[in-house]
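In UniProt numbering, the protein residues as written are 1 to 292.
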């Protein structure tokens with residue numbers, strides 16, 4: 001990055017946070033960190049089916065990364081790669097909207113922050129991490145400590161074998177760090193054919209973060225009768241990664257499917273680090289007074 005610059009997504013009518021805008025963030029690093037820390041992201045899109053007026057939202061596994069600049073940090077502009085089945089509705093719609101289909105109608109386009117043109121299926125990607133339940137004097141002021149991120153972009157199928165394999169590695173390692181090289185790789189022909197990878201060219205995004213304790217209204221704080229009988233505080237919440245458990249299933253007869261008795265260090269260490277990291281953040285969020 002150099003010179004201590006902080007890159008942000010430009011504020012537009014699409015991504016601007018209006019309510020509780022003091023919680024808003026447009027910082028690339030913070031938003032991309034939320035996306036990559038979330039085990040599951042939710043991808044929303046519209047379908048051309050006139051009989052179905054409802055937007056579709058799918059839980060998916062994805063990662064913010066850059067094939068063109070593999071060493072790019074989370075503080076830099078990134079694409080989002082999504083992993084899915086080759087004939088799923090989202091993949092088919094992206095295939096039809098992508099620039100590789102020259103017989104289709106002109107696909108939707110938009111200009112992103114660096115002046116280049118994005119092309120493909122419009123999608124919205126969102127992720128939320130819950131860090132605490134905030135209990136106050138009255139139901140109306142109850143709240144949640146959380147980190148959320150929303151990205152807007154255009155999805156197209158990855159057709160390059162090199163980029164596809166690279167993206168599959170990034171997605172795999174986003175689930176469990178360093179998992180790819182500890183498995184049977186590369187994917188075989190059948191796996192490559194049955195799996196599609198979407199590259200989402202991000203054109204905008206925003207995040208929202210809430211930290212701290214209860215923020216009751218003065219009218220309730222002045223009432224000693226209420227304060228004497230209603231407990232207020234925060235229940236910290238974090239995603240807990242437990243101790244890894246080896247698979248006990250069999251292949252044929254009584255032959256074990258899992259022959260590796262000891263949990264690999266990369267698996268055990270990942271679970272431990274995530275458990276400690278999530279707990280540490282949730283507890284710190286309780287006493288964070290930066291938004292008071």
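C-beta atoms are modelled at their ideal positions from N, C-alpha and C, and glycine is treated no differently.
Considering only residues of the segment 181-256, which uninterrupted alpha helix (DSSP H) runs meet the minimum length of 4 residues and lie entirely inside it, listed in chain order? Counting whole runs of 4 or more residues, the segment 181-256 contains the alpha helix (DSSP H) stretches 189-194, 218-221, 224-229.
Would you call the segment 79-99 in contact with the segment 128-148, where contact means no fewer than 3 C-beta pairs closer than 8 angstroms? no
Between the segment 154-164 and the segment 199-209, can you find at least three pairs of beta-carbon atoms closer than 8 angstroms? yes
Beta-carbon proximity of residue 62 to residue 97, cut-off 8 angstroms: no
If you draw a straight line from the C-alpha of residue 103 to the C-alpha of residue 196, how long is it? At residue 103 the pLDDT is 32, less than 50, meaning the model places this residue with poor confidence and gives no usable figure here.
Per the contact definition of three or more C-beta pairs closer than 8 angstroms, is the segment 271-281 in contact with the segment 241-257? yes
With C-beta atoms as the reference, is residue 206 less than 8 angstroms away from residue 24? yes
Quick one: Cα of residue 58 to Cα of residue 223, how far? When only Cα atoms are considered, residue 58 and residue 223 end up about 46 angstroms apart.
Contact set for residue 6: own chain, Cβ-Cβ below 7 angstroms, skip 5 residues either direction: 27
With a cut-off of 8 angstroms on the beta carbons, I'd call residue 137 and residue 227 a contact; round off their distance for me. 7 angstroms
In whole angstroms, what is the alpha-carbon distance linking residue 215 and residue 221? 10 angstroms
Have a look at residue 177 and residue 34 and give me their C-alpha separation to the nearest angstrom. 16 angstroms
What does the Cβ neighbour count give for residue 54, buried or exposed, with the cut at 16 atoms within 10 Å? Label assigned to residue 54: exposed.
In whole angstroms, give me the CA-to-CA distance for residue 169 and residue 231. Each residue's Cα considered, the two are about 48 angstroms apart.
Can you find the residues in the same chain that come closer than 6 angstroms, C-beta to C-beta, to residue 1, ignoring five residues on each side of it along the sequence? Per-residue confidence for residue 1 stands at a pLDDT of 45, beneath the threshold of 50, marking its modelled position as unreliable; no derived number is given.
Going by CA-CA distance only, name the one from 94, 289, 234 that's closest to residue 122. 94
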